[in-house]
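Sequential numbering of the sequence shown, starting at 0, is according to numbering that gives the first Met the number 0. Every residue, glycine too, gets a C-beta built ideally from N, C-alpha and C.
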Amino acid sequence: MSADRRPIQPLTFLVILLAASVVGSLVGLGVVRWRDHGDGAEPTTTARPDASLPTDPEALWLFGSTTVRIDPENLADPRAVPVRAFGSVAGAPGAVDLYSPFSGDFGVLDATENTIGVRSNVPPLGEVDPLVEPAVAPADDAVWVVTGPASVAAVDPASGDELERLDLPASFIGLGDGTEVTSARVVTTGSGAVAIFEVSVTGGGSAVGLARLHVGSDPTLGAIVERSTNPVVAVAGASRAVWVIRGTEVTRVDADTLEETGSADVGEELGEALRFEVAVVADEALWLLDRARLSLIEVTDQLEIASSVVLPVENPGSESIPGAMTAGAGSVYVLLPRADGSTLLTVVDAATAEKRQQLGFPRQALLAAVAFSSNVP
């Protein structure tokens, strides 16, 4: 993505969620059938909720005016679940954690019960850009949520109680006085939760700071990712790494030391105009959603481009509406809008980079977010 990229409108995702809640109250959870647009998607049926809803902890979840769960081993059998999700979502063992930076609502969707069993409120401290994702990071000590441009909170997933509120440092070694944190994201790594925050730099541009988050202590600072005029467009956490994407430059940071281990400009290597907006990790490889070419790009742990997968979408939706991705059970799942408001789910095998399946969902579903609840350890 170039520095002169047209920015995504900040309220787009909020509008999607608000529209989803309104339409959801009108559509209900009946059986919906839809003929695909001819881009390879299979016709999809969302089944009426009943007592036979699956209770396995591992599932793929799609969120919008309807909540849909899909068995990763039986993709053609999506089930409508009678719960209304909200805000940002993040998959966890046997659950999906939800948090709204606007209302402060926090919830835990239990994959074995198909209900939101834990609800609470964690008040936000400032306005958060709805497109600054991810804003939820499950960790061993707590679920960490972004509560403001420079604020994060730890929440007990068993009770919903707020355990800790931490302020990210507005200035730190190397930047001097007068700097300001402008946005924050949180990711989960093998060493715990990490905050990635942008800090304004005198004269323009920004630098990126990293901080390990601990319940009961101040954030532990990591290295500064070098200053740039390109803003952060995506981040992702893995067991061994934190990935930071600025424009088309990909930077890898060690998850244990929070020190930068290398970077590569994917745009320069491919020699094409790219526009990244979402990133996930599968088997330590980074997968980037390129909206300019409607494709997935796989980057290895050694910062090498391993594959590129075209995502055929008939009548793609506006580029101002973000896509969504998650990973689990050896696959990468990509949710993309179509021009008529319907949604296309593409499933890519993470090992072979081959498309496994495409499912089409009706525009009444207004799907805008995706998460994967893993098996309980």
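8 Å Cβ cutoff met for residue i and residue j
i      : j      : result
Ser370 : Val154 : Before going further, note that residue 370 is Ala rather than Ser in the sequence given. Not in contact: Ala370 and Val154 (Cβ atoms no closer than 8 Å).
Val241 : Ala254 : yes
Ser330 : Arg355 : yes
Gly87  : Pro133 : It is Ser, not Gly, that sits at residue 87 in the sequence shown. A contact, by the Cβ cut-off of 8 Å.
Ala91  : Pro137 : yes
Leu288 : Gly327 : no
Ala278 : Thr299 : no
Ile296 : Val347 : no
Leu343 : Arg337 : yes
Member of the options whose CA lies at the smallest distance from the CA of residue i
i      : options                           : result
Asp55  : Asp160, Val224, His213 and Asp109 : Asp109
Leu64  : Phe360, Val142 and Ser372         : Checking the displayed sequence, the identity of residue 64 turns out to be Ser instead of Leu. Of the listed residues, the one whose Cα sits closest to Ser64 is Phe360.
Gly204 : Leu293, Gly106, Pro336 and Thr181 : Thr181
Ile195 : Glu163, Val144, Gly215 and Val214 : Val144
Met324 : Gln357, Val107, Val121 and Trp286 : Trp286
Ser372 : Val67, Ala291 and Arg290          : Val67
Leu130 : Pro315, Pro230 and Ser238         : Pro230
Glu126 : Ile320, Val107, Ser150 and Pro315 : Ser150
Gly189 : Glu197, Arg239, Arg290 and Val200 : Arg239
Ile223 : Glu197, Gly246 and Val309         : Glu197
Proximal residues to residue i (C-beta, below 7 Å), its chain only, five neighbours per side dropped
i      : result
Asp282 : Ala349
Ser24  : Unreliable placement is indicated for Ser24, whose pLDDT of 31 sits below 50; the coordinate value is still reported in the next sentence. Here the set comprises nothing.
Gly39  : Pro311 and Gln357
Asp166 : Ala149 and Ser150
Ala19  : Confidence at Ala19 is low in this model, with a pLDDT of 39, below 50, so the placement of that residue should be treated as unreliable; the coordinate-derived value is given next. So the list reads Gly63, Ser64, Leu365 and Ala367, once near-sequence residues are dropped.
Thr260 : Arg251, Val252 and Asp253
Val107 : Ala94, Asp96, Ile115, Gly116, Val117 and Pro156
Glu268 : Ile304
Thr187 : Ala136, Pro137, Ala138 and Gly236
Beta-carbon contacts of residue i that lie in its chain and below 8 Å, excluding the five residues immediately before and after
i      : result
Ser262 : Glu248, Val249, Thr250, Arg251 and Leu302
Val375 : Pro56, Pro92 and Gly93
Pro168 : Val180, Gly208, Ala210, Pro218 and Leu220
Glu41  : Asp35, Ala75, Gln356, Gln357, Leu358 and Gly359
Val309 : Arg292, Leu293 and Ser294
Val22  : For Val22, the pLDDT reaches just 33, beneath the cut-off of 50, and the residue's location in the model is therefore unreliable, leaving the point undetermined.
Any non-hydrogen atom of the ligand ZN closer than 7 Å to residue i Cβ
i      : result
Pro122 : Among the components modelled here there is no ligand, and therefore nothing to report on the ligand ZN.
Distance, residue j Cα to residue i Cα
i      : j      : result
Ser317 : Gly340 : 10 Å
Ser1   : Gly159 : Unreliable positioning characterises Ser1 in this predicted model, as indicated by a pLDDT of 30, which lies under 50. The coordinate reading is nonetheless provided below. Those two C-alpha atoms are separated by around 41 Å.
Pro123 : Glu313 : 39 Å
Ala206 : Ala352 : 33 Å
Val121 : Leu365 : 26 Å
Thr178 : Gly202 : 11 Å
Val214 : Val185 : 14 Å
Asp139 : Val193 : 12 Å
Ala406 : Asp104 : The question about residue 406 has no answer, for the chain in this structure spans 0 to 376.
Leu334 : Leu293 : 11 Å
Leu74  : Leu52  : 15 Å
Phe12  : Ala237 : Confidence is the limiting factor: at Phe12 the pLDDT is only 41, short of 50, which leaves the residue's position unreliable, though a coordinate-based value still follows. For Phe12 and Ala237, the distance between alpha carbons rounds to 25 Å.
Ser199 : Ser227 : 10 Å
Ile320 : Ala291 : 13 Å
Gly246 : Thr256 : 24 Å
Ala305 : Val243 : 18 Å
Ser102 : Ser119 : 11 Å
Pro315 : Val232 : 21 Å
Glu276 : Gly191 : 24 Å
Pro100 : Tyr332 : 25 Å
Ala183 : Asp128 : 10 Å
Leu61  : Ser307 : 24 Å
Beta-carbon contacts of residue i that lie in its chain and below 6 Å, excluding the five residues immediately before and after
i      : result
Val135 : Ser87, Ala89, Asp96, Tyr98 and Val144
Ala152 : Val121, Val144, Thr146, Glu161 and Arg164
Pro71  : Leu59 and Ala328
Val280 : Ala235 and Ala237
Val142 : Asp96, Val154 and Pro156
Glu225 : none
Glu258 : Ala222
Ile69  : Leu59 and Pro77
Exercise for the section: Could you tell me whether the segment 114–127 touches the segment 197–217, where touching means 3 or more Cβ pairs closer than 8 Å? Expected result: no
Exercise for the section: Kindly confirm or deny that the segment 213–221 and the segment 265–273 touch, where touching means at least three C-beta pairs closer than 8 Å. Expected result: no
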